[in-house]
Amino acid sequence: MAALPDRARPARQSARSFEMVLPGQLPEVGEVLARAQSENFTVAARVLPYRIRQHLMAVYGFARLVDYAGDEACGPREGLLELLEADLGRAYEGTPRLPLLRAFAPTVRACGIPRAVPARLIEANRRDQHVRRYSTFEELLDYCYYAANPIGELVLYIFGRVEPELIRLSDRICSALQILEHCQDIGEDFRQDRIYMPLTDLRDFGCAESELAAPTASAELRRAVWFEVDRALDLLRSGQPLVGRLSGLARMAVAGYVAGGVATARAFEPAGYDPLAVEVRPNRRRILSEWVRLSVASSAGLEHDRVREAYRYCERLTRTQARNFSYGIRLLPPAKRGALSAVYAFARRVDDIGDGSLSSEQKLLRLQQARHDLDDVGPDAKDPVLVALADATRRSPVPLEAFHELIDGCEADVQGTRYETFEQLTHYCRCVAGSVGRLSLGVFGHEVTGLAAQRADALGVALQLTNILRDLLEDRRGGRVYIPAEDLRRFGVSLELDSRGMFTDPRGALHELVRFQARRIERWYSEGLRLLPLLDHRSRACCAAMAGIYHELLRHIADDPSAVTRGRVTLPGRQKMVVAARSLAGMKS
Numbered sequence: 017m018a019a020l021p022d023r024a025r026p027a028r029q030s031a032r033s034f035e036m037v038l039p040g041q042l043p044e045v046g047e048v049l050a051r052a053q054s055e056n057f058t059v060a061a062r063v064l065p066y067r068i069r070q071h072l073m074a075v076y077g078f079a080r081l082v083d084y085a086g087d088e089a090c091g092p093r094e095g096l097l098e099l100l101e102a103d104l105g106r107a108y109e110g111t112p113r114l115p116l117l118r119a120f121a122p123t124v125r126a127c128g129i130p131r132a133v134p135a136r137l138i139e140a141n142r143r144d145q146h147v148r149r150y151s152t153f154e155e156l157l158d159y160c161y162y163a164a165n166p167i168g169e170l171v172l173y174i175f176g177r178v179e180p181e182l183i184r185l186s187d188r189i190c191s192a193l194q195i196l197e198h199c200q201d202i203g204e205d206f207r208q209d210r211i212y213m214p215l216t217d218l219r220d221f222g223c224a225e226s227e228l229a230a231p232t233a234s235a236e237l238r239r240a241v242w243f244e245v246d247r248a249l250d251l252l253r254s255g256q257p258l259v260g261r262l263s264g265l266a267r268m269a270v271a272g273y274v275a276g277g278v279a280t281a282r283a284f285e286p287a288g289y290d291p292l293a294v295e296v297r298p299n300r301r302r303i304l305s306e307w308v309r310l311s312v313a314s315s316a317g318l319e320h321d322r323v324r325e326a327y328r329y330c331e332r333l334t335r336t337q338a339r340n341f342s343y344g345i346r347l348l349p350p351a352k353r354g355a356l357s358a359v360y361a362f363a364r365r366v367d368d369i370g371d372g373s374l375s376s377e378q379k380l381l382r383l384q385q386a387r388h389d390l391d392d393v394g395p396d397a398k399d400p401v402l403v404a405l406a407d408a409t410r411r412s413p414v415p416l417e418a419f420h421e422l423i424d425g426c427e428a429d430v431q432g433t434r435y436e437t438f439e440q441l442t443h444y445c446r447c448v449a450g451s452v453g454r455l456s457l458g459v460f461g462h463e464v465t466g467l468a469a470q471r472a473d474a475l476g477v478a479l480q481l482t483n484i485l486r487d488l489l490e491d492r493r494g495g496r497v498y499i500p501a502e503d504l505r506r507f508g509v510s511l512e513l514d515s516r517g518m519f520t521d522p523r524g525a526l527h528e529l530v531r532f533q534a535r536r537i538e539r540w541y542s543e544g545l546r547l548l549p550l551l552d553h554r555s556r557a558c559c560a561a562m563a564g565i566y567h568e569l570l571r572h573i574a575d576d577p578s579a580v581t582r583g584r585v586t587l588p589g590r591q592k593m594v595v596a597a598r599s600l601a602g603m604k605s
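Going by my numbering, the sequence shown opens with residue 17, and the numbers climb by one from there.
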């Protein structure tokens, strides 16, 4: 274990300077023990004998008191920790003064606990006063050796099973539980100027420290949290054999702690891996089910498939952010649904960079990083999207190189590129949408060559052109114009805005321009929809639903060209569901 550098250690003060605790400096016994109800696991289950419960609660009370002194107490926390260390020494002599130490003293005597074990908890909180960041995961694990692992060792002393191999397994479980708690509390910790996520990981995901103060987690931070939770699950899995090595009451208690860790890790998924916006807490029913499973069949491995978890991450992102595409993606069988969600997740990442609030220079750097990320696609990648894409490419002929075209198009957006001719615009559309059409074709299991690739490309162009027409006013307000300059001149339109942010062009000219664009887009749909007969029926249903929603949007625009001059045109959710249902029924017939 790495030692705390001497420069990080404060000058030790004499314990005699801290013989007095001022009123309110430390909480009442009941206040400390009541916190057991809010832990991720059951501290002392009622099914355990009274004697064991008393020992476990004594350990909990001591640990929580130390944490309070290091994290929440008013006044000189370093001094309080010195006082606790002195009183811990008196507990071993039978003369402690603090109530919680008096409760802890019988436990250390009855269970033969060496003083060095609980003393590590005090050292961890002393370190917290001066070490605010951890550069690497190895440094964080060293912190867990002091802050969390002693708890597991104390539990082993209570049950009389202190053996080197069992301690090693216990350390993995305790470190995992500590990492999960850090992930839950990243916002609260940052407000105390503490970051327990390794800085190298934050840098690898492109997260600035300031993002930890935001009301919601950025996409980059959510991916970093996913990775840390995945690490914790891996530690839990490697420590789980401890349950099988124990028996009786010890097995029951330790199984409960592992179950709490598993349930906590699972609670991040429905929260979208966003502990800044959502209070991540384990479901008690899930804790109980995991507890029963581990207690009865502890030899069964902890179910942790990081590929499956990566797909779940991508699918949830798709459900919440792909307002149109999700209706079609749901029609695919599970394997293809996950793969297409992974494609969408990476494409969305690229789009979000281009549409975000960063400077142009920063956006281009992020897009360059996205290119490099494609080189890291693999089952061991830190990023859940890259893990899912690796599995998708293993199963289907997904052409990852098409993502580079998408990034090319996004770079053109960042640089404010405008288009003189329709041919130039269609090249852009092939980059940002035809590429996704070809990626989707690979997910569907079709070779991305020949006629099928051409039609997938054409359908992508049709969808992107529809997007451009739908977002005409919104894009213009954002400084972007995609309509070819030759078409603007042809219809005498400038797309200038007045002080209210509305078009100044004559309505008649604008409407004629919109109708012209709509008729031209229809020809791209005619070509692109010829892809459908080449696909299997579920892939046809998916493709028809996604294209059908955009095609319906285009019909609305063609029928009422003024709609795009007032704002963004959308379809109600019910109508999207009808299109999706019709697509599924039609493709089955």
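Here a beta-carbon is modelled for each residue, glycine too, at the ideal position from N, C-alpha and C.
To the nearest angstrom, how far is it from the Cα of Leu569 to the Cα of Val497?
-> 20 angstroms
To the nearest whole angstrom, what separates the beta carbons of Ala351 and Val401, a pair I think is in contact under 8 angstroms?
-> Going by Cβ atoms, the distance from Ala351 to Val401 rounds to 17 angstroms, so no, they are not a contact pair.
Could you pull the start and end residues of the alpha helix (DSSP H) that Glu204 belongs to?
-> 202 to 207
Counting pairs of Cβ atoms below 8 angstroms between the segment 146 to 158 and the segment 209 to 220, do you hit three or more?
-> yes
Is the segment 186 to 201 close to the segment 218 to 231, with three or more CB pairs under 8 angstroms?
-> At 8 angstroms Cβ cutoff, the stretches do not touch.
Beta-bridge partners of Asp513, as assigned by DSSP = Inspection of the sequence shows that residue 513 is occupied by Leu rather than by Asp. Answer is Phe519, bridged to Leu513.
Taking the alpha-carbon positions, what's the Val452 to His420 distance?
-> 11 angstroms
Backbone CA spacing between Leu156 and Arg247 [nearest angstrom] | 12 angstroms
Is the CB-CB distance between Leu348 and Thr280 below 7 angstroms?
-> Between Leu348 and Thr280, the C-beta spacing is not below 7 angstroms.
Which term fits His388, buried or exposed, when burial requires 16 or more other beta carbons within 10 angstroms of its beta carbon?
-> exposed
Locate the alpha helix (DSSP H) running through Arg297, then write down its first and last residues.
-> Note, Arg297: premise wrong, no alpha helix (DSSP H); not H, not E.
With 16 as the cutoff for other CB atoms within 10 Å, does Ala89 come out buried or exposed?
-> buried
For Leu550, the nearest candidate out of Gln470, Phe78, Val580 (CA to CA) | Gln470
Would you mind stating whether Tyr60 and Arg69 have Cβ atoms separated by less than 7 angstroms?
-> A small correction: the amino acid at residue 60 is Ala; Tyr does not occupy that position in the sequence shown. For Ala60 and Arg69, yes; Cβs fall inside 7 angstroms.
Spatial neighbours of Gly255 in its chain, beta-carbon cut-off 6 angstroms, leaving aside the 5 residues before and after | Leu185, Arg188, Ile189
Would Arg142 pass as a contact of Leu97 if the rule is Cβ separation under 7 angstroms?
-> yes
For His146, count neighbouring Cβ atoms within 10 angstroms of its own Cβ and tell me buried if that reaches 16, exposed if not.
-> exposed
So which of Ala468, Met268, Gly276, Glu502 has the shortest CA-CA distance to Arg62?
-> Met268
Going by other Cβ atoms of all chains shown within 10 Å of its Cβ, with 16 needed for buried, is Glu427 buried or exposed?
-> Answer is buried; the Cβ neighbour count reaches 16.
Nearest residue (CA-CA) to Tyr343, options Asp103, Cys558, Phe120 | Cys558
With distances taken from CA atoms, which of Ala52, Asn56, Ile499, Ala74 is nearest Arg302?
-> Asn56
Delimiting residues of the alpha helix (DSSP H) encompassing Gly276 = 264 to 283
Taking Gly458 as part of the alpha helix (DSSP H), name the residues at either end of that continuous run.
-> Unbroken alpha helix (DSSP H) run through Gly458: 451 to 459.
Leu237 to Asp87 span [Cα, whole Å] | 24 angstroms
Considering Asn340, what are the terminal residues of the alpha helix (DSSP H) in which it resides?
-> First-last for Asn340: undefined, no H or E at that position.
Extent of the continuous alpha helix (DSSP H) to which Lys352 belongs | According to the DSSP assignment, Lys352 belongs to the alpha helix (DSSP H) that extends over 350 to 371.
Classify Gln29 as helix, strand or coil using the three-state DSSP reduction.
-> Here Gln29 scores only 41 on pLDDT, less than 50, and its place in the model should not be relied on; the value that follows carries that caveat. In the structure shown, Gln29 falls within a coil segment according to DSSP collapsed to helix, strand and coil.
By Cβ distance below 7 angstroms, which residues in the same chain neighbour Ala79 in space, the five residues on each side in sequence not counted?
-> Leu137, Ile167
Whole-angstrom C-beta distance between Ala355 and Ala418, which should lie under 8 angstroms | Not a contact, Cβ separation roughly 14 angstroms.
Test item: CB-CB of Thr232 and Ala293 under 7 angstroms = yes
Which class does Leu81 belong to by DSSP, given the choice of helix, strand or coil?
-> helix
If you follow the alpha helix (DSSP H) that Gln647 is part of, which residue opens it and which one closes it?
-> No answer is possible for residue 647: it lies beyond the span of the chain, which begins at 17 and ends at 605.
Among Glu169, Leu72, Gly77, which residue has its Cα nearest to the Cα of Glu47?
-> Residue Gly77 is the option with its Cα nearest to Glu47.
For Asp212, name the three-state secondary structure that DSSP assigns.
-> The sequence shown places Tyr at residue 212, not Asp. The three-state reading of DSSP puts Tyr212 in coil, since its state is none of H, G, I, E or B.
Minimum Cβ-Cβ distance from Arg346 to chain D less than 7 angstroms | You won't find chain D in this structure, because it holds only one protein chain.
Do you know offhand how far Thr58's Cα is from Ala52's?
-> 7 angstroms
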